[in-house]
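Residue numbers for the sequence shown, in the working numbering: 66 to 232.
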Amino acid sequence: MIQLRPVRCRDWYRFIDLFNDHDIKQELPFLKPLTKIEYFFWFLSIIFNFRPGLIYSRAICDNDKLIGIIFLEQYSQIHMTANISFDLAASYQGRGIAKKTVTLFCNHAFSNLKLNRINAIVRPSNQKSQSLLVKVGFIKEAYLKQYVHFKGDLIDVFLYRLCRDER
C-alpha cells in the first residue's frame, strides 16, 4: 500500500539507498559524491525541517518502507508559492506511484498549506519528470536560461506551474 507520511529516523538507511540509486544520483546537484555524514545532515535537515526554505516534506512509502521523498521548498509567504521536488526509487517508477503521490501532495499543499501556486524546475534532459508533471496538470511556463547551478555549471531549465485555480 502506497502512502505519504512524515520522514522518520528509522528511514535513515533507506534514505541513503534511495539517494545512491544511479538514476537519482544523476539528478542531484552535488559536485562530488556525498559522504555518509553529509547524507546524515541532509536527512536530519529534512526530518527536523531546518533546511533553509524547506516548508513541508513527506516520505513516499510502500507498506511503511521508504521508497521516495517529496517536498516543498523556496516558500514565499507573500506570494503563497513553493517549489516541489520529488524522487522515487527506480524499481518503483513506471507504476503510477509518482503520479498518485504528486497529485495527493499538491492537493494537500493547496488545501492545508493554502498555497496558491506550486512550481517545478526541471532540467531539459529529465523527460520522465516533465511527462509526470504534465500528467498531473502542471503547465510548462518558461525556459529559464542559465538559471540553476548544477554540478558546478549554470544550466538552463524549464519552469512548470500548477495554480490552485487551474486544478
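From the three backbone atoms N, C-alpha and C, an ideal C-beta is built for every residue, glycine too.
Since we're looking at a predicted model, the values are computed, not measured.
Answer with buried or exposed for residue i, where buried requires no fewer than 16 other C-beta atoms within 10 angstroms of its C-beta.
i: residue 129; result: exposed
i: residue 208; result: exposed
i: residue 143; result: exposed
i: residue 133; result: buried
Do you know how far the Cα of residue j is from the Cα of residue i?
i: residue 121; j: residue 145; result: 13 Å
i: residue 183; j: residue 216; result: 25 Å
i: residue 173; j: residue 150; result: 15 Å
i: residue 198; j: residue 164; result: 8 Å
i: residue 77; j: residue 108; result: 7 Å
i: residue 99; j: residue 153; result: 19 Å
i: residue 90; j: residue 84; result: 6 Å
i: residue 169; j: residue 192; result: 22 Å
i: residue 97; j: residue 104; result: 12 Å
i: residue 177; j: residue 200; result: 22 Å
i: residue 71; j: residue 190; result: 30 Å
i: residue 205; j: residue 179; result: 22 Å
i: residue 203; j: residue 92; result: 20 Å
i: residue 131; j: residue 210; result: 35 Å
i: residue 135; j: residue 228; result: 18 Å
Go through its chain and collect everything with a Cβ distance to residue i's Cβ below 7 Å, but skip five positions before and after it.
i: residue 88; result: 155
i: residue 86; result: 154, 155
Got a sec: is the Cβ-Cβ distance from residue i to anything in chain B below 8 Å?
i: residue 180; result: As a matter of chain content, chain B is missing from the structure shown, which is built from one protein chain.
Beta-carbon within less than 6 Å of residue i's beta-carbon, same chain only, minus the 5 sequence neighbours each way: which residues are those?
i: residue 213; result: 220, 222
i: residue 116; result: 110
Spatial neighbours of residue i within its chain, please: CB distance less than 8 Å, with the 5 preceding and 5 following residues excluded, ordered by chain position.
i: residue 66; result: 127, 128
request  = Could I get the ranges of all uninterrupted alpha helix (DSSP H) runs contained in the stretch 75-145, with 4 residues as the minimum, in chain order?
outcome  = As far as the stretch 75-145 is concerned, its whole alpha helix (DSSP H) runs of at least 4 residues are 77-84, 87-92, 101-112.
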